[in-house]
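Colleague: This is the structure I have questions about; it appears just below.
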Amino acid sequence: MAKGNLDPKVPPQDLDAEKSVLGALMLDKNSILRVVDFLEEKDFYVPAHQKIFTSIVELFEKNQPIDVLTVTNKLKDKNQMDAVGGSSYLTELINSVPSSAHVDHYGGIVKQKKVLRELLTTAARISEDVFQNQEDPDEMLDMIEQKIFAINQKSKTYAFTPISDHLKAAYERMERNLGMEGLSGTSSGFKGLDNLLSGFQKSDMIILGARPSMGKTAVTLDMVRGAAKAGASVAVFSLEMSKEQIIDRLISTESGVPLWNLRSGRITDEMDFQMIQAALDRLSRMKIYVDDTPSPTVLQIRSMARKLKMEHELDLIVIDYVQLIQPSRHGDNSVQQFTEISHGIKGLARELNVPVLALSQLSRNIESRGGEPKLSDLRETGSWEQDADVVMFIHRYNRDVKDLMSAEEKNRSALLVTKHRNGPLGDVPLLWNPEKVSFTEVDTVHTI
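What follows is the structure in structure tokens.
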């Protein structure tokens, strides 16, 4: 079969494959089921082929027979017979293929050529845009990635698979879990949370919400250290704090030296220096990668995470925090923007098959209401609550209480797991350490 015109001035196409698809569809009425889920009218290069395919799909949608006669009548009803070359051309299409056995293969070729044409068109538009806009290369790169990503998404095909194909892998997962004492995902570093979630699971979107200054970044960095100590490779997208601030916090919590002493240079004790050196040595062996690009788009995050996974593997992605992600469409209202971002983060987790821990601020309602946070306190709660596999909150019970009380009571805290798509809910008691800007675990865990 010809592979299409090789003239570089002619867009990629394979006329023989297009004819074979259409001929097969008219030979066997059931063959449409094998291509209708991924082929579209615009995938065909020849306008006449587009019209014929559209008529075949219309017959299929109305549950009508599909053969050369019904397709002819459909085209006549739309006054398109002359445009497609008449009945003789339909006969030629049927004669171009011996059977419908390979219709999905021919359809795949047609789809591939369409993707190549879209790449050419996109490349031409990019070239034109670059010449017209030479001021903001970052904006251009983001636009280019969006266009390429859109082509990539449209080229993907999904299909049903029998569960028998996956049962062996499921049993092997269960066997591995037995050897891991029930921890099937990436460790959080908090035993109580790991017991509730069995670790952060692949492809899960985990939301961690908190009021301002509750310690959501602190508890997240505790989880980053815990995951890395267990051997995980962790990517941290720090949209609020610089790399230097993140690293200082990691050194403080790992060494036990108060953060303010580190940042202000108030380290005079030789023991502190020794603890810092030991912490630096341990941290240097951890697979923690930090990016502090301010206000990236979801696509930028996906691109960087994808590259990191190819180069170093990836077991956990952390985003601090989602309200600082730049929406790709600025004209939409905030609900639409956050829905887009939420779907994008969920798509990232699924595409890379990696858990994504995304931090979120809470709405101002909780400031006036007080008490423990609820799912409804998530900003733009609809999309976040729906897309998330796990939602949890960090809560410090007595942070705002002015009465005199013990330091332990003042710093009593908890991780509240309020949504867990595949398991139990519960509270993980913690204790806040303001000097080290870190949380430590209390033994008791309350499950619901």
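Residue numbers (the numbering used here): -8 to 439. From the three backbone atoms N, C-alpha and C, an ideal C-beta is built for every residue, glycine too.
What residue does the beta strand (DSSP E) around Tyr280 start on, and which one ends it?
Modeller: For the purposes of this step, residue 280 is identified with residue 289 of the sequence shown, where counting begins at 1. Start and end: Lys278 to Asp282.
Colleague: Give the DSSP-derived three-state secondary structure of Ile43 in the structure shown.
Modeller: What you label residue 43 is simply residue 52 of the sequence shown in a count that begins at 1. Ile43: helix per DSSP, three-state reduction.
Colleague: At what residues does the beta strand (DSSP E) containing Asp311 begin and finish?
Modeller: Position 320 of the sequence shown, counted from the first residue, corresponds to residue 311. Looking at the DSSP string, the run of the beta strand (DSSP E) that includes Asp311 is Leu307 to Asp311.
Colleague: Using the Cα positions of Tyr280 and Leu407, report the straight-line distance between them to the nearest angstrom.
Modeller: For the purposes of this step, residue 280 is taken as residue 289 along the sequence shown, with counting starting at 1. For the purposes of this step, residue 407 is taken as residue 416 along the sequence shown, with counting starting at 1. Whole-angstrom Cα-Cα distance: 27 angstroms.
Colleague: Closest to Leu422 by C-alpha separation, out of Thr177, Tyr388 and Leu24, would be which residue?
Modeller: Within the sequence shown, the letter at position 431 stands for residue 422. Comparing Cα-Cα distances from Leu422 to each of Thr177, Tyr388 and Leu24, the minimum goes to Tyr388.
Colleague: Find the nearest neighbour of Asp263 within the set Met277, Ser275 and Thr244, judged by alpha-carbon distance.
Modeller: As a working mapping, residue 263 is identified with position 272 in the sequence shown. Checked all of Met277, Ser275 and Thr244; the closest Cα to Asp263 is Thr244.
Colleague: With DSSP as the reference, please indicate the residues paired to Met383 in a beta bridge.
Modeller: The sequence position of residue 383 within the sequence shown is 392, counting from 1. Paired residues: Leu199 and Val408.
Colleague: Skipping 5 residues on each side, what residues in its chain have a beta carbon closer than 6 angstroms to that of Arg412?
Modeller: Translated into positions along the sequence shown, residue 412 becomes position 421. Excluding sequence neighbours, Arg412 sits near Asp380.
Colleague: Please classify Met301 as buried or exposed, where buried requires at least 16 neighbouring CB atoms within 10 angstroms.
Modeller: If you number the sequence shown from 1, residue 301 lands on position 310. It is exposed - the Cβ of Met301 has fewer than 16 other Cβ atoms within 10 Å.
Colleague: For Pro346, name the three-state secondary structure that DSSP assigns.
Modeller: Here residue 346 is taken as the residue at index 355 of the sequence shown, counted from 1. In this structure, Pro346 counts as coil in the three-state DSSP scheme.
Colleague: For the beta strand (DSSP E) containing Asn70, list its first residue and its last residue.
Modeller: As a working note, residue 70 is residue 79 in the sequence shown. Element bounds for Asn70: n/a, residue is neither H nor E.
Colleague: Taking its Cβ as the centre, do 16 or more other Cβ atoms sit within 10 Å of Ala259, making it buried, or is it exposed?
Modeller: The sequence position of residue 259 within the sequence shown is 268, counting from 1. The residue asked about is misnamed: residue 259 is Thr in this sequence, not Ala. Looking at its Cβ environment, which holds fewer than 16 other Cβ atoms inside 10 Å, Thr259 is exposed.
Colleague: Quick check: what's the CA-CA separation for Val433 versus Arg257?
Modeller: Within the sequence shown, numbered from 1, the residue matching residue 433 stands at position 442. Within the sequence shown, numbered from 1, the residue matching residue 257 stands at position 266. Rounded to whole angstroms, Val433 to Arg257 spans 30 angstroms at the Cα level.
Colleague: Is DSSP giving Gln55 helix, strand or coil here?
Modeller: Taking the sequence shown and counting its residues from 1, the one referred to as residue 55 is at position 64. If DSSP states are grouped into helix, strand and coil, Gln55 belongs with coil.
Colleague: Starting from Leu422, follow the alpha helix (DSSP H) in both directions and report where the run begins and ends.
Modeller: Position 431 of the sequence shown, counting from 1, holds the residue named residue 422. Element bounds for Leu422: not the alpha helix (DSSP H) but the beta strand (DSSP E), Gly417 to Asn424.
Colleague: Restricting to Cα atoms, I'd like to know which of Leu174, Val106 and Met383 is closest to Gly417.
Modeller: Position 426 of the sequence shown, counted from the first residue, corresponds to residue 417. If we check each option's Cα against that of Gly417, Met383 comes out closest.
Colleague: Could you please give me the residues that DSSP links to Phe191 through a beta bridge?
Modeller: As a working mapping, residue 191 is identified with position 200 in the sequence shown. Its beta-bridge partners are Thr177.
Colleague: Out of Gly338, Asp195, Gln55 and Pro318, state which residue places its alpha-carbon closest to the alpha-carbon of Phe329.
Modeller: Translated into the one-based positions of the sequence shown, residue 329 becomes position 338. Nearest C-alpha to Phe329: Pro318.
Colleague: Can you confirm whether the segment 27 to 35 touches the segment 57 to 75 when touching is taken to mean that 3 or more C-beta pairs between the two stretches lie within less than 8 angstroms?
Modeller: The segment 57 to 75 is not in contact with the segment 27 to 35.
Colleague: Consult DSSP for Phe29 and reduce its assignment to one of helix, strand or coil.
Modeller: As a position in the sequence shown, residue 29 is number 38, starting the count at 1. Phe29: coil per DSSP, three-state reduction.
Colleague: Smallest Cα separation from Lys427: which of Arg254, Ile292, Leu250 and Ile267?
Modeller: Taking the sequence shown and counting its residues from 1, one reaches residue 427 at position 436. If we check each option's Cα against that of Lys427, Leu250 comes out closest.
Colleague: If you count every other CB in all the chains shown that lies within 10 Å of the CB of Asn344, and 16 or more means buried, which is it?
Modeller: To locate residue 344, count along the sequence shown from 1; it is residue 353. So Asn344 counts as exposed.
Colleague: Give the straight-line distance between the Cα atoms of Gly190 and Gly180, rounded to the nearest whole angstrom.
Modeller: Along the sequence shown, read from residue 1 onward, the residue named residue 190 stands at position 199. Along the sequence shown, read from residue 1 onward, the residue named residue 180 stands at position 189. Their Cα atoms are separated by approximately 9 angstroms.
Colleague: For the beta strand (DSSP E) containing Glu432, list its first residue and its last residue.
Modeller: Counted from its first residue, the sequence shown places residue 432 at position 441. Here the beta strand (DSSP E) through Glu432 covers Ser429 to Glu432.
Colleague: Please report the residue range of the alpha helix (DSSP H) in which Phe35 lies.
Modeller: Locating residue 35 in the sequence shown gives position 44, counting from the first residue. No alpha helix (DSSP H) holds Phe35; DSSP gives it neither H nor E.
Colleague: Does the Cβ of Thr288 have 16 or more other Cβ atoms within 10 Å, making it buried, or fewer, making it exposed?
Modeller: In the sequence shown, the residue the question calls residue 288 occupies position 297. Classification of Thr288: buried, given that the 10 Å Cβ count is 16 or more.
Colleague: Expressed to the nearest angstrom, what Euclidean distance is found between the alpha-carbon atoms of Ser374 and Arg240?
Modeller: Reading the sequence shown from its first residue, position 383 is the one you call residue 374. Reading the sequence shown from its first residue, position 249 is the one you call residue 240. Going from the Cα of Ser374 to the Cα of Arg240 covers about 32 angstroms.
Colleague: Please report the straight-line C-alpha distance between Leu443 and Ala223, rounded to a whole angstrom.
Modeller: One cannot answer for residue 443 here, as it falls past the ends of the chain, which runs -8 to 439.
Colleague: Taking the alpha carbon of Leu339 as the point to measure from, which residue in Lys298, Ser367, Leu369 and Leu110 has its own alpha carbon closest?
Modeller: Here residue 339 is taken as the residue at index 348 of the sequence shown, counted from 1. Of the candidates Lys298, Ser367, Leu369 and Leu110, the one whose C-alpha sits nearest the C-alpha of Leu339 is Lys298.
Colleague: Please name the residue in Ile142, Tyr36 and Ile100 whose C-alpha comes closest to that of Leu110.
Modeller: Position 119 of the sequence shown, counting from 1, holds the residue named residue 110. When only C-alpha atoms are compared, the closest one is Ile142.
Colleague: What residues in its chain sit with their C-beta under 8 angstroms from that of Pro425, if we drop five residues either side in the sequence?
Modeller: For the purposes of this step, residue 425 is taken as the residue at position 434 of the sequence shown. Answer for Pro425: Asn402, listed in chain order.
Colleague: Among Ala405, Gln268 and Tyr97, which residue has its Cα nearest to the Cα of Gly247?
Modeller: For this step, residue 247 is matched to residue 256 along the sequence shown. Among Ala405, Gln268 and Tyr97, the Cα nearest to that of Gly247 is on Gln268.
Colleague: To the nearest angstrom, how far is it from the Cα of Ile197 to the Cα of His40?
Modeller: Numbered from its first residue, the sequence shown carries residue 197 at position 206. Numbered from its first residue, the sequence shown carries residue 40 at position 49. Those two C-alpha atoms are separated by around 47 angstroms.
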